[in-house]
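Reading through the structure tokens given below for one structure.
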Amino acid sequence: MSDLLNLNRLIFFTAVVEAGSFTAAADRMGVAKAVVSHQIARLEEELGVTLLMRTTRRLHATEDGKLFYQRCVLILREAEAAYGEMSLRNAEPSGTLTLTAPLDYGAAVVAPTIAEYRKANPQMHVDVIFDDSVSDLIAEKIDLSIRVGWLSDSSHQARRLGTFEQILVATPAVASGIATNLSPADVAHLPWIANRALKNALRWTFSRGKEET
Numbered sequence: 001m002s003d004l005l006n007l008n009r010l011i012f013f014t015a016v017v018e019a020g021s022f023t024a025a026a027d028r029m030g031v032a033k034a035v036v037s038h039q040i041a042r043l044e045e046e047l048g049v050t051l052l053m054r055t056t057r058r059l060h061a062t063e064d065g066k067l068f069y070q071r072c073v074l075i076l077r078e079a080e081a082a083y084g085e086m087s088l089r090n091a092e093p094s095g096t097l098t099l100t101a102p103l104d105y106g107a108a109v110v111a112p113t114i115a116e117y118r119k120a121n122p123q124m125h126v127d128v129i130f131d132d133s134v135s136d137l138i139a140e141k142i143d144l145s146i147r148v149g150w151l152s153d154s155s156h157q158a159r160r161l162g163t164f165e166q167i168l169v170a171t172p173a174v175a176s177g178i179a180t181n182l183s184p185a186d187v188a189h190l191p192w193i194a195n196r197a198l199k200n201a202l203r204w205t206f207s208r209g210k211e212e213t
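The numbering of the sequence shown is the UniProt record's numbering, which starts it at 1 and goes up by one.
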């Protein structure tokens with residue numbers, strides 16, 4: 001018996017039993033009669049038994065052939081079910097997706113997007129962590145992280161979703177006490193709060209004309 005199971009030969013054999021002849025089986029499968037005959041001969045050779053009794057009018061399965069046919073039907077049915085199941089899994093995502101995103105962006109953009117995603121993929125379960133801290137994706141088993149800023153680990157795969165501007169802002173109370181015509185050097189001496197999520201949170205460059213600080 002061959003070390004490798006050839007499912008195609010099982011398909012040829014069941015087709016012959018069901019069709020009643022090599023010719024009818026060949027027509028059903030869209031191949032030449034010689035191909036069917038060859039596959040059955042190889043199958044009987046591998047098994048070491050006679051599966052079909054050939055008469056001038058019709059083929060009949062032997063007792064071994066009848067038993068083997070029943071087993072083949074079950075095997076091919078299971079194989080077809082396995083293929084179908086995998087095709088459905090590939091066509092319709094299922095499982096759990098864990099992602100993290102900043103609080104503000106997550107509430108404004110990510111949450112509505114997840115709602116739409118769940119409608120389109122009802123078999124998916126989504127765990128969301130809204131947090132402004134930078135998570136360890138590996139240690140915390142996070143599948144996807146949406147972040148504002150730069151990658152802290154260049155080994156991660158990333159895709160840019162958009163761009164943002166870096167600007168200075170002040171409360172009305174603070175702004176009212178600042179002169180309007182400030183030089184870059186003046187700005188550097190103002191009290192300020194840094195956003196450490198930025199790449200160079202503690203180093204800013206200001207320029208006006210040729211003046212830079």
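Even glycine gets a Cβ: it sits at the ideal position worked out from N, Cα and C.
Please list, in chain order, all residues of the same chain as residue i whose beta carbon is under 8 Å from its beta carbon, the five residues on each side excluded.
i	result
R118	M124 and V126
T62	V49, T50, L51, L52 and M53
S21	R58 and L59
L161	I146
A158	L151
So what's residue i in DSSP terms, helix, strand or just coil?
i	result
T180	coil
T113	helix
S21	coil
A158	coil
L151	coil
F68	helix
S145	strand
R77	helix
Can you pull the DSSP bridge partners for residue i?
i	result
G95	M124
R28	BP columns for R28 are empty, so no partner.
R208	E211
S87	Answer is none; S87 lacks a bridge partner.
A42	A quick correction: the sequence has Arg, not Ala, at residue 42. Answer is none; R42 lacks a bridge partner.
R54	L59
T14	BP columns for T14 are empty, so no partner.
Is the beta carbon of residue i less than 8 Å from the beta carbon of residue j?
i	j	result
V128	L99	yes
Y105	V148	yes
A101	I138	no
residue 268	A79	Not covered by the structure: residue 268. The range shown for the chain is 1 to 213.
A26	V35	yes
By how many angstroms is the C-alpha of residue j removed from the C-alpha of residue i?
i	j	result
E92	V110	21 Å
E211	V187	12 Å
A32	T14	16 Å
T96	W150	26 Å
L103	S183	35 Å
E46	F12	14 Å
E116	S94	15 Å
R71	L88	26 Å
E18	M86	28 Å
R9	I40	7 Å
V134	E140	11 Å
V169	N181	16 Å
T55	R77	29 Å
P191	Q166	17 Å
D131	M29	59 Å
Once the 5 residues before and after residue i are set aside, which same chain residues still bring their CB inside 7 Å of it?
i	result
F68	L51
I114	V126 and V128
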